[in-house]
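Q: Shown below is the structure under consideration.
Chains as they are written, first to last, in the numbering used here: chain A, 10 to 121; chain B, 26 to 142.
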C-alpha cells in the first residue's frame, strides 16, 4: 500500500517568516495530494489540495508544489501568523477511490 | 452548510468493555469514512462506505471492531471488547462521492476521543 513520509515532525518559525513542510510518497499511481490542518481538539480541515496534472497551486499565503518524478510534494506557508500554529498533515491517494494515506504530521509553532 | 457531526466527543471505558460511536455526515454525501488517529500519528483508515455498502474494510480489526451505515446516511462504529491500544481519536469523514474526479474531497468531523483504562 501507499506509504507517506513527512518532515520535519516539528517546526518553529518567527511570525512573518515562511514555513515549508515536505512529504514523499511511494505509490506511483497516487495522483491526489491534500493538506490538512488540525487544531487542538478538532478534526483535520482541508487547506489546499493538488492533483497530478499540475505542478503548483496557490491560495493566498499557502502554496503546494508537486514533483511526480521524484514522488514528493511540499507545503509552503508565507508571512506566517500565530493562527497558523497547528499540526499539518499531508496525504496521498489514487483518484479512483480517494482512500487517503496520511503522513505522521508536522507541529508548527509560530513565535510572536 | 452543517459539517460532519460525531458523538460522543469523549469516552472513557475500562478494557474489555464495549463502546459505540455515531457519525452523521454532510447532507448528500454518499461516501463515509472512519479513521483511527493514535496520539502523535496521522489518521489511519478503518472502513469506507459508499452509500450503505462497504468499499474497503481491509484495515478494520474485525475480531473486535464493527461498523454499519444503515439507509446510507448515519453510521456507527463499535468496539467490543476494547483493548488498551484502542485509545485514540476516532474520526468520521464524508465526501460527495468517491470514484469521480473532483468529488472525493473529504470533510472531517471533530472526532471522538476514546480512553481505555
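We put the beta carbon where it would ideally sit given N, CA and C, even for glycine.
Please state the DSSP three-state secondary structure of residue 78 (chain B).
A: In this structure, residue 78 (chain B) counts as strand in the three-state DSSP scheme.
Q: Spatial neighbours of residue 47 (chain A) within its chain, please: C-beta separation below 8 Å, excluding the five flanking residues on both sides.
A: Result list for residue 47 (chain A): 53, 54, 95, 96, 97, 98 and 114, in chain order.
Q: For the region 83-113 of chain B, list every residue whose C-beta sits within 7 Å of some C-beta in chain A, in sequence order.
A: Flagged: no residues at all.
Q: Got a sec? Which residues, its chain only, sit under 8 Å from residue 129 (chain B) by beta carbon, not counting five neighbours each side?
A: Closer than 8 Å at Cβ, skipping near neighbours: 56, 120, 121, 122 and 123.
Q: Compute the Euclidean distance between the alpha carbons of residue 120 (chain A) and residue 18 (chain A), then round it to the nearest angstrom.
A: For residue 120 (chain A) and residue 18 (chain A), the distance between alpha carbons rounds to 17 Å.
Q: Using alpha carbons as the reference points, say which of B:110, B:104 and B:99 lies closest to residue 47 (chain B).
A: For residue 47 (chain B), the nearest C-alpha among the options comes from B:99.
Q: Could you tell me which of B:38, B:106 and B:74 sits nearest to residue 96 (chain B), measuring between CA atoms?
A: Out of B:38, B:106 and B:74, B:74 has the C-alpha closest to the C-alpha of residue 96 (chain B).
Q: Interface residues of chain B around residue 55 (chain A) at Cβ under 9 Å?
A: Residues of chain B passing the Cβ test: 130, 131, 132 and 133.
Q: Spatial neighbours of residue 66 (chain A) within its chain, please: C-beta separation below 6 Å, excluding the five flanking residues on both sides.
A: Hits under 6 Å: 59 and 73.
Q: Counting Cβ pairs, one atom from each stretch, are 3 or more of them under 8 Å apart for the region 76-94 of chain A and the region 103-116 of chain B?
A: They do not touch, by the three-pair rule.
Q: Could you tell me the distance, in whole angstroms, from the CA atom of residue 41 (chain A) to the CA atom of residue 75 (chain A)?
A: If I take the Cα positions, the gap works out to 10 Å.
Q: Output, in sequence order along the chain, the residues in the region 60-83 of chain B whose CB is closer than 9 Å to any CB in chain A.
A: From the region 60-83 of chain B, only 60, 62, 65, 66, 67, 68, 69, 70, 73, 80, 81 and 83 have a Cβ closer than 9 Å to chain A.
Q: Looking at the C-beta of residue 68 (chain A), does it have a partner C-beta in chain B at a distance below 8 Å?
A: By this cut-off, residue 68 (chain A) is not an interface position.
Q: Could you tell me whether any Cβ in chain B is nearer than 8 Å to the Cβ of residue 104 (chain A)?
A: Chain B, which has a Cβ nearer than 8 Å to the Cβ of residue 104 (chain A), makes this yes.
Q: Does DSSP put residue 91 (chain A) in a helix, a strand or coil?
A: Helix.
Q: Can you grab the Cα-Cα spacing for the pair residue 28 (chain B) / residue 137 (chain B), in whole Å?
A: Distance between the alpha carbons of residue 28 (chain B) and residue 137 (chain B) is about 15 Å.
Q: Are the C-beta atoms of residue 82 (chain A) and some chain B residue less than 8 Å apart?
A: Output row for residue 82 (chain A): interface = no.
Q: With distances taken from CA atoms, which of B:78, B:38 and B:60 is nearest residue 108 (chain A)?
A: Ranking B:78, B:38 and B:60 by Cα distance to residue 108 (chain A) puts B:60 first.
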